[in-house]
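Enquirer: If you read the sequences in order, they're chains A and B. Residues in the first sequence are numbered from 20 upward in steps of one, following this note's numbering. Residues in the second sequence are numbered from 7 upward in steps of one, following this note's numbering. Quick one: the structure is below, and I'll ask about it shortly.
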Amino acid sequence: MTDPLAPFLSAIAAHDKAALAALYRQLERPLYRFILSRLNDPHEAADILHDVFMEVWRSAGRFEGKSKVQTWVFGIAWRKVIDLRRKTGRMDMPGETPEIVDDSADTEAALLAGQEAAHLRHCLDELGDEHRMAITLAFYEDMPYGQIAEVARVPEGTIKTRIFHAKKLLLRCLSGRVTREVAG
Amino acid sequence: MTDREEIEALLPFYANGSLSAPERAAVEAALAEDPSLELELAALRAMRDTLQAEAPRSPGEFGLARLMRDVEREAQPAPARSHFWQIAAAVALAAFLGQSLFLLGQRDAGYELAGEARDTISVAFAPAASESELRSLLQSLGFEIVGGPSALGLYEIAAPGRAVSDEDVEALRASHLVEAADLAE
């Protein structure tokens, strides 16, 4: 299947500004949401978004077409987010989620009863960078695990493992919060 | 991963509809046998729906205007003025540092340079450094800008509540965002 964004990138490589604007309009919202989900600072997220498209402008000629354009651009964003978090000492390791767990709770039922965006946002914020990245791309962008692996530049099995653990941590975190809310 | 864990790892991708046909069939077979997986799938779908309903306000057309402005700037040849100021700043900084070393040489023999504490550090940042990069650097080191930029682009940096030292200067020099740094006279 042909990549609908590929022609934009070819044109950008030839310094076509209209093609850059078109690609921006296609990817700006999902990219910004992805970046913001990790930085939680709208100004920083806007700066990173800008830097990503500047890099697309400068590097489009080096795109080899081995992945989808969306994957390539998200990969640039992911590496910029990680660089910024390392520079500012905010890099999390996977699995650092605090154990705010009530193991007696029925996790799924609690989530279904609650379904509250605020709880989900809090629990996502508690995930480590790599766990959270995998979950946000799977659920925000509906990416397959193979594509997430390309964005993160890791094997597919690594993404499956991250998703497996991230999902467990999320469900346990949500269970703990919803249970406490009901009890309170 | 066990077979069960493999199925659990695939569940989010079953929920987002991105699995291949054989993987989808494997998950559906497991779902038919295990009601707890059905509950988990329902929770994951609720999670996905909640996240997709979020719509943060993105930079939109303002961000595009900024992008086009910077792309235009990059396409232009660098103005001679910026080279002039870079050279002027480098010469001035070299003179400033030379004067500092000369003055230090005039001091008493017992004067200790190491560990010397001052109020501020004079810093020249790399021309390509962005505001957010500088903000991150200064915040991570606990500094703030208290003066500048001077006509030559030098900033005065201080650490609130304490004097600055050679160690602080070294920390700034270690960053690629800093072209030159020295304790201010």
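Beta carbons are placed, not taken as given, at the ideal position from N, Cα and C, and that holds for glycine. Quantities reported herein were computed from a predicted structural model and do not represent experimental measurements.
Using C-beta distances below 7 Å, list every residue in its chain close to ALA64/A, excluding the 5 sequence neighbours before and after it, in chain order.
Expert: Here residue 64/A is taken as the residue at index 45 of the first sequence, counted from 1. Taken in chain order, the residues that qualify are TYR51, ILE54, LEU55 and LEU58.
Enquirer: For GLU185/B, which residues in the same chain have their Cβ closer than 6 Å to its Cβ, ignoring the five residues on either side in sequence?
Expert: Mapped onto the second sequence, residue 185/B falls at position 179. Counting only Cβ-Cβ distances below 6 Å, and skipping sequence neighbours, we find ALA130 and ALA132.
Enquirer: Quick one: what does DSSP say GLY114/A is sitting in, helix, strand or coil?
Expert: As a position in the first sequence, residue 114/A is number 95, starting the count at 1. For GLY114/A, the predicted model reports a pLDDT of 43, less than 50, meaning its position is unreliable; a value from the coordinates is still stated below. Looking at GLY114/A - three-state DSSP - the assignment turns out to be coil, as it is neither helix nor strand.
Enquirer: Does ILE182/A get closer than 8 Å to chain B when you measure Cβ to Cβ?
Expert: Against the first sequence, residue 182/A aligns to sequence position 163. Closer than 8 Å to some Cβ of chain B, the Cβ of ILE182/A qualifies, so yes.
Enquirer: Please name the residues in the stretch 71 to 82 of chain B whose beta-carbon is closer than 9 Å to at least one beta-carbon of chain A, in chain order.
Expert: Answer in chain order: ARG72, LEU73, MET74, ASP76, VAL77, GLU78, GLU80 and ALA81.
Enquirer: Can you tell me the Cα-Cα spacing of LEU130/A and GLU44/B, whole angstroms?
Expert: Here residue 130/A refers to the residue found at position 111 of the first sequence. Here residue 44/B refers to the residue found at position 38 of the second sequence. Caution applies to LEU130/A, whose pLDDT of 48 falls short of 50 and renders its modelled position unreliable; the model cannot decide the point.
Enquirer: Are any of the Cβ atoms in chain B nearer than 8 Å to that of GLU47/A?
Expert: In the first sequence, counting from the first residue as 1, residue 47/A sits at position 28. Judged by the 8 Å Cβ criterion, GLU47/A is in contact with chain B.
Enquirer: Between the alpha carbons of SER64/B and ARG77/A, how many angstroms are there, rounded?
Expert: To locate residue 64/B, count along the second sequence from 1; it is residue 58. To locate residue 77/A, count along the first sequence from 1; it is residue 58. Spanning the two alpha carbons is a distance of roughly 23 Å.
Enquirer: Would LEU16/B and GLU46/B be called neighbours here (beta carbons separated by less than 8 Å)?
Expert: The residue you call residue 16/B lines up with position 10 of the second sequence. The residue you call residue 46/B lines up with position 40 of the second sequence. No, these two residues do not count as a Cβ contact at 8 Å.
Enquirer: Output needed in chain order: residues of the stretch 153 to 179 of chain B with a Cβ under 7 Å from some Cβ in chain A.
Expert: So the list is empty, because no residue satisfies the distance condition.
Enquirer: Can you tell which of ALA40/A, ALA96/A, GLY94/A and LYS99/A has its C-alpha closest to the C-alpha of ARG75/B?
Expert: Position 69 of the second sequence, counting from 1, holds the residue named residue 75/B. It is ALA40/A whose Cα lies nearest to the Cα of ARG75/B.
Enquirer: Which residues in chain B sit within 7 Å of PHE93/A, going by Cβ to Cβ distance?
Expert: Taking the first sequence and counting its residues from 1, the one referred to as residue 93/A is at position 74. The contacting residues do not exist; PHE93/A stays about 15 Å from chain B at best.
Enquirer: Could you give the uninterrupted runs of the beta strand (DSSP E) lying entirely in the stretch 131 to 173 of chain B, keeping only those of 3 residues or more?
Expert: Counting whole runs of 3 or more residues, the stretch 131 to 173 of chain B contains the beta strand (DSSP E) stretches 150 to 153 and 160 to 164.
Enquirer: Name the chain B residues that come within less than 8 Å of LYS87/A, Cβ to Cβ?
Expert: Position 68 of the first sequence, counted from the first residue, corresponds to residue 87/A. Neighbours of LYS87/A on chain B: none; closest Cβ ~13 Å, over 8 Å.
Enquirer: Give a yes or no on whether the C-beta atoms belonging to ASN22/B and ASP22/A are separated by under 8 Å.
Expert: Residue 22/B sits at position 16 when you count from the first residue of the second sequence. Residue 22/A sits at position 3 when you count from the first residue of the first sequence. Not a contact, by the Cβ cut-off of 8 Å.
Enquirer: Give the single residue among ALA169/B, GLU14/B and ARG10/B whose Cα lies nearest to the Cα of LEU190/A.
Expert: Translated into the one-based positions of the first sequence, residue 190/A becomes position 171. When only C-alpha atoms are compared, the closest one is GLU14/B.
Enquirer: Per the DSSP calculation, LEU189/B is bridged to which residue(s)?
Expert: Counting from one through the second sequence, the residue named residue 189/B turns up at place 183. In the DSSP output, where bridge partners are listed per residue, LEU189/B has ILE127/B.
Enquirer: Using the Cβ count rule (16 or more neighbours within 10 Å means buried), how would you classify HIS69/A?
Expert: Translated into positions along the first sequence, residue 69/A becomes position 50. Buried, by the Cβ-count rule.
Enquirer: List the DSSP bridge partners of VAL184/B.
Expert: Residue mapping note: residue 184/B aligns to position 178 of the second sequence, counting from 1. Paired residue(s): PHE131/B.
Enquirer: I believe VAL170/B touches ARG124/B by the beta-carbon criterion, under 8 Å. Please report the beta-carbon distance rounded to the nearest angstrom.
Expert: Reading the second sequence from its first residue, position 164 is the one you call residue 170/B. Reading the second sequence from its first residue, position 118 is the one you call residue 124/B. Between ARG124/B and VAL170/B the Cβ distance is about 6 Å, and since that is below 8 Å, they are a contact.
Enquirer: Using DSSP with H/G/I as helix, E/B as strand and the rest coil, what is GLU160/A?
Expert: Looking up residue 160/A in the first sequence gives position 141. Reduced to three states, the DSSP call for GLU160/A is coil.
Enquirer: Find out if the Cβ-Cβ distance for the pair GLU139/B, LEU183/B is shorter than 8 Å.
Expert: In the second sequence, counting from the first residue as 1, residue 139/B sits at position 133. In the second sequence, counting from the first residue as 1, residue 183/B sits at position 177. For GLU139/B and LEU183/B, yes; Cβs fall inside 8 Å.
Enquirer: Just reading off the alpha helix (DSSP H) that LYS99/A is part of, what are its end residues?
Expert: Stepping through the first sequence from its first residue, residue 99/A is reached at position 80. First-last of the alpha helix (DSSP H) with LYS99/A: 88 to 106.
Enquirer: Taking the continuous alpha helix (DSSP H) assigned at GLY69/B, which residues delimit it?
Expert: Taking the first residue of the second sequence as position 1, residue 69/B is located at position 63. Note, GLY69/B: alpha helix (DSSP H), 66 to 81.
Enquirer: If you follow the alpha helix (DSSP H) that ASP55/B is part of, which residue opens it and which one closes it?
Expert: Here the question's residue 55/B lines up with position 49 in the second sequence. It spans 41 to 59 - the alpha helix (DSSP H) in which ASP55/B sits, taken as one unbroken run.
Enquirer: Does chain B have any CB closer than 8 Å to the CB of LEU146/A?
Expert: For the purposes of this step, residue 146/A is taken as residue 127 along the first sequence, with counting starting at 1. LEU146/A does not count as touching chain B.
Enquirer: Is HIS184/A buried or exposed, if buried means 16 or more other CB atoms sit within 10 Å of its CB?
Expert: Along the first sequence, one-based indexing puts residue 184/A at 165. By the neighbour-count rule (16 or more Cβ atoms within 10 Å), HIS184/A is buried.
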